[in-house]
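Novice:
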Amino acid sequence: VEKITATPVAHASETESKTPQQSQNTATADVIYRVTTDNLRVRAQADPKSKVIGYLPESENVAVLDSSNASYFKIKVTNGEGWASKEFLVRVSPVNKPVATASTIAASVPKETKDYASIVFFVIVALILFTVLYFSIKYASGNKVLVAFSVIVILVIGYFCFITFIQAKVVSGTFSSNEDIQYKTFNFKSKDSVTVTDAYTDSVFTSKYVIDGEMIKLYDQQNTIMLLIRDENTLIGEGFTRGTFTKK
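Every number in this note's numbering is 44 more than the matching position in the sequence shown, counting from 1.
1) Using 8 Å for Cβ pairs, my map puts Ile225 next to Gly287. What's the rounded Cβ distance?
2) Helix, strand or coil for Ala170, going by three-state DSSP, please let me know.
3) So, is Thr290 buried or exposed, given that buried needs 16 or more other C-beta atoms within 10 angstroms?
4) Per DSSP, which one or two residues make a beta bridge with Gly281?
5) Ser67 to Asp91, Cα distance in whole Å?
6) Over the uninterrupted alpha helix (DSSP H) stretch that includes Ser220, give me the two end residues.
7) Between which two residues does the alpha helix (DSSP H) harbouring Gly202 extend?
8) Reducing DSSP to helix, strand and coil, say where Ala90 ends up.
9) Tell me Asp256's beta-bridge partners as DSSP assigns them.
10) For Ala114, count the other beta carbons within 10 Å of its own beta carbon; 16 or more makes it buried, fewer makes it exposed. Which is it?
11) Quick check on the DSSP output: the beta strand (DSSP E) that includes Tyr77 runs from which residue to which?
12) Is it the case that the segment 213–225 contacts the segment 192–203, given that we only count it when at least three CB pairs across the two stretches are under 8 Å?
13) Tell me the DSSP secondary structure of Glu131 in three-state form.
14) For Ile119, which residues does DSSP report across the bridge?
15) Could you work out which residue in Gln265, Asp264 and Tyr253 is closest to Leu272 when comparing CA atoms only?
16) How should Glu104 be labelled, buried or exposed, when 16 other C-beta atoms within 10 angstroms of its C-beta is the threshold for buried?
17) On a Cα-Cα basis, can you pick out the residue from Val240, Asp236 and Val215 that is closest to Tyr227?
18) Enumerate in chain order the residues of its own chain whose CB-to-CB distance from Val248 is below 8 Å, with the five nearest sequence positions on each side excluded.
Laid out in structure tokens, this is it:
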């Protein structure tokens, strides 16, 4: 029986000029093992009773094609493929460990729901007010006092409807509470950012917030903090944030 040698592993520079099929074969031969005994028998099958097709010298590097068998590795040699005992093979090529991708939790930002009902209501009120104004001027044009009074009333009603249903709510400044609750202060520094003092963890964090109608919504990790705008100087905490926060 002749002594056989392992198929040389192609260098990276040679691999680049190969066809896709050759590149695939080269990638398969990247798992390299070294022979630790002299005249290692190479058999035709993964069976100690199968035909010996050759021998491998000690310290020879071989490319392992299949390492799933419990006792034998399928290897690549000069005259084809064979099976050698895994007890006399030690891996020399590095183990390519999968790169662990760090899973990051994206900061959640509350979504502002678009409610067009208030706009529709304001448009209807505006049409009614303009209709009243039109008929007031048309049928009471001789009574200037009544016309002036009607105009003032219509303008006042229209203004309050606008600031109530159309104008966006704006919150600024620092709101705090003296109650025994988790979140002690809310410092609204910009139109969408607030700094919160957490008394339970003795920490301070900054979060994005949105104003949905009369409600301020923001997140602390998975907790949703909701604050009801009572007026420009008072916020009412809802849920586990329950409490009254007054502006300093």
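Cβ atoms here follow ideal geometry from the backbone N, Cα and C, with glycine treated the same way.
Specialist: Quick look at the numbers:
1) 5 Å
2) helix
3) exposed
4) Leu271 and Gly287
5) Bear in mind that the predicted position of Ser67 carries a pLDDT of just 36, short of 50, making it unreliable; the figure below should be weighed with that in mind. Between Ser67 and Asp91, the C-alpha separation is close to 31 Å.
6) Careful: Ser220 lies outside any alpha helix (DSSP H), inside the beta strand (DSSP E) at Gly217 to Ser220.
7) Lys188 to Cys205
8) coil
9) Met259
10) exposed
11) Ile76 to Val79
12) no
13) helix
14) Val108 and Gly126
15) Tyr253
16) buried
17) Val240
18) Thr239, Val240, Thr241 and Asp242
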